[in-house]
Amino acid sequence: ILPPSHMHSIAEKKIKKILKKDSESGSKWRIYNMTHMTRTYPAGKRIDSSNYNPIIPWAVGSQMVALNFQSPSTASYLNDGRFRQNGHCGYVLKPPSAKGILPLHQEPLIVRIRILSGSCLPKHNESSVDRIIDPFIKIRVHDALVENCKEVHQALSKKTKYIDNNGFNPVWAEEKFHEFEVHLPDVAIMEFLLLDSNVGNDEVVGFSAIPVSCLRRGYRSILIRNKQACRTGRFDFAMILADIQICSTE
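All residue numbers for the sequence shown refer to my numbering, where the first residue is 80 and numbers rise by one.
Okay, here's the thing in structure tokens:
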């Protein structure tokens, strides 16, 4: 057994290799991380500064999940949401499941969300003087679950219709809820992406990322940030209004 003073740095590729060894690999790594430090980091081949998804390293209790920050991406959005929950003080406590306080196989939660309206949603490109955003919202939950005795990342997505030429006060007034089953609620993160149907390739205009454990029931304002996670300039007042329901599967 290695002394607690030993710390391991584990590359992205090795994360997958460790978890594929056997059905107990995730649990063993989690137990190891209760007394030792682990750092994970992106593969060296990511010369475009892209990222791996940090959900699984967080789920197994890795203390330092290093990411590339040169290019905004889903990974950087999730990282912003993870550390915003306590005012960006620089660290957050491990979730109970990673400390062995809660079992890994938790009772799933059902999260239902419907998007009602938006306010002051900026267009994709500030220099496009004659264009008005055709906004729509993509909701995506990033979760960790055990599949075939292996821990895997799961991303489920739903989206609204687009509103033609209205970023000032678009109204979706969705009647049906978008439903998500969340298997590891104390690790999972809900991602809200603002997109413009005028722009191809699902180019993100702004986002908000909220840990599922921080979601609150009822009518909630969700603040939208730019891709650098700031609420300045065009994003000073950008927000969407949502109706959120949370219940157990029982």
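Positions of the beta carbon are idealized from the N, C-alpha and C atoms, including for glycine. Remember, predicted model here, so these are calculated numbers, not experimental data.
- As summarised for the region 256-304, the continuous beta strand (DSSP E) elements at least 3 residues long and confined to that stretch are 257-261, 268-275, 283-290 and 297-302, given in chain order.
- In this structure, Asp-265 and Pro-174 form a Cβ contact; the two beta carbons are roughly 4 Å apart against a cut-off of 8 Å.
- One thing to note: Arg-304 has its Cβ no nearer than 8 Å to the Cβ of Phe-316.
- Nearest C-alpha to Trp-137 among Arg-295, Ser-150 and Val-231: Val-231.
- Inclusion of Ser-287 and Ile-301 in the CB contact set at 8 Å is warranted, their separation being smaller than that value.
- By the Cβ neighbour-count rule, Asn-130 is buried, with 16 or more other Cβ atoms within 10 Å of its own.
- By the 16-neighbour rule on beta-carbons within 10 angstroms, Tyr-298 is exposed.
- The continuous stretches of alpha helix (DSSP H) do not include Leu-195, which lies in the beta strand (DSSP E) extending over residues 188-198.
- Proximity to Thr-311 across Gln-149, Ile-110 and Pro-201 peaks at Pro-201, based on C-alpha coordinates.
- Closest option to Glu-260, judged by alpha-carbon separation, among Val-171, Ile-135, Pro-187 and Phe-148: Pro-187.
- Our two residues, Leu-263 and Thr-117, have alpha carbons roughly 21 Å apart in a direct line.
- Rounded to the nearest whole angstrom, the C-alpha separation of Gln-233 and Leu-224 is 7 Å.
- Thr-328 is positioned such that its CB atom lies closer than 8 Å to that of Ile-189.
- Less than 8 Å divides the Cβ of Asn-147 from the Cβ of Arg-125.
- Around the CB of Met-113, fewer than 16 other CB atoms lie within 10 Å, so the residue is classed as exposed.
- If you draw a 10 Å sphere on the C-beta of Gly-169, you find fewer than 16 other C-beta atoms in it, and that means exposed.
- Around the CB of His-167, fewer than 16 other CB atoms lie within 10 Å, so the residue is classed as exposed.
- The beta carbon of Ile-216 lies closer than 8 Å to those of Ile-194, Gly-197, Lys-238, Thr-239, Trp-251, Phe-271, Leu-272, Leu-273, Leu-274 and Ile-319 in the same chain, with the five residues before and after it left out.
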